[in-house]
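Since the structure comes first, as structure tokens, the remarks are kept for the end.
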Amino acid sequence: MEHEIIGHSKKAIKAMKSHDKPLNERVKEIIIEILIIVFAVSFAAFIERTREHYKEKAEARDFVIGLKGDIKDEIDLLQGSARDMDTLRKNYGMVVKLKTAEIDSIQKKHITGMFNIPTFNSRVVNGRYEGFKSSGKIQSIENDSLRNDILKYYQQEIPLVDFTENIFNQNQNRLEEMLINSSDNIGNKPTDVIGTLTSTKGKLIIYFSLGYSSAVSRHYNEAIKQAKKIEKEIEKEYE
Numbered sequence: 000m001e002h003e004i005i006g007h008s009k010k011a012i013k014a015m016k017s018h019d020k021p022l023n024e025r026v027k028e029i030i031i032e033i034l035i036i037v038f039a040v041s042f043a044a045f046i047e048r049t050r051e052h053y054k055e056k057a058e059a060r061d062f063v064i065g066l067k068g069d070i071k072d073e074i075d076l077l078q079g080s081a082r083d084m085d086t087l088r089k090n091y092g093m094v095v096k097l098k099t100a101e102i103d104s105i106q107k108k109h110i111t112g113m114f115n116i117p118t119f120n121s122r123v124v125n126g127r128y129e130g131f132k133s134s135g136k137i138q139s140i141e142n143d144s145l146r147n148d149i150l151k152y153y154q155q156e157i158p159l160v161d162f163t164e165n166i167f168n169q170n171q172n173r174l175e176e177m178l179i180n181s182s183d184n185i186g187n188k189p190t191d192v193i194g195t196l197t198s199t200k201g202k203l204i205i206y207f208s209l210g211y212s213s214a215v216s217r218h219y220n221e222a223i224k225q226a227k228k229i230e231k232e233i234e235k236e237y238e
């Protein structure tokens, strides 16, 4: 294409300098050559834009299809965290209802054995998304609804999961510190877990845990719902 443009440019210059033909003939030839050049340049630009568009479209397709696998793994991760949080909420809910005087030795042993202080870190590995977004290609996803749902999931839902988990974990650290500080190292006696947990301070911290866990569970569910919506949109658009 470049060779042809150069050729027509030379013809236009030659016609302009030639005195073998009348002026009107030369002007006519020059105009024709200029129009050919303009068309050639425009057509070349159109071909390049079309090629680039199809390239971006193919890259977007590869990204979205790959993302579907990531989303599936993330749903499994979040659902696992949600189940663990539900178990914790049941156990902690039982503890705050306890009264030390009403607990026999068998119950105390059972409750002490089942009580734990887990922390939650549902770290979603979103390298594929971050790489595609940082390359400035996120707009190449032509389906506006799908693109916006992906952005909402990774820029709103997942950060909220991280934020609420961090707040919950900070309270879990306070609960752990309380149990550690209540141990009798001098007398070499085991920590009275039930007595500590059912104390006013213990119950207060557990109440906070239940409150924070409620927020975490809500954001788990919202993130899972958004992820499943993206899955369906990808299946509809690309499969």
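Going left to right, the sequence shown walks through residues 0 to 238 as numbering that gives the first Met the number 0 numbers them. Cβ atoms here follow ideal geometry from the backbone N, Cα and C, with glycine treated the same way. None of the values given here were measured: they were computed from a predicted structure.
1) Under a three-way DSSP split, which group does D69 fall into?
2) How should Q155 be labelled, buried or exposed, when 16 other C-beta atoms within 10 angstroms of its C-beta is the threshold for buried?
3) Is it a yes or a no for the region 69-83 touching the region 170-177, going by three-plus beta-carbon pairs under 8 Å?
4) Given that a residue counts as buried once 16 or more other Cβ atoms are within 10 Å of its Cβ, and exposed if not, what is Q169?
5) For N142, is the beta carbon positioned less than 7 Å from some heavy atom of the ligand HEM?
6) Just to confirm before moving on: does the CB-CB distance between S133 and E58 stay below 8 Å?
7) What are the boundary residues of the alpha helix (DSSP H) that P158 is part of?
8) How many Å lie between D83 and S208 at the Cα?
9) Just reading off the alpha helix (DSSP H) that K235 is part of, what are its end residues?
10) Can you grab the Cα-Cα spacing for the pair T199 / V124, in whole Å?
11) Put T118 into one of helix, strand or coil per three-state DSSP.
Result, derived from the coordinates:
1) Helix, per DSSP.
2) exposed
3) no
4) exposed
5) Summarising the ligand content, the structure contains no ligands, and the ligand HEM is consequently not present.
6) Their beta carbons are not under 8 Å apart, which means S133 does not touch E58 by this criterion.
7) For P158, the uninterrupted alpha helix (DSSP H) run begins and ends at 157-180, by DSSP.
8) If I take the Cα positions, the gap works out to 14 Å.
9) The continuous alpha helix (DSSP H) containing K235 extends over residues 199-237.
10) 40 Å
11) coil
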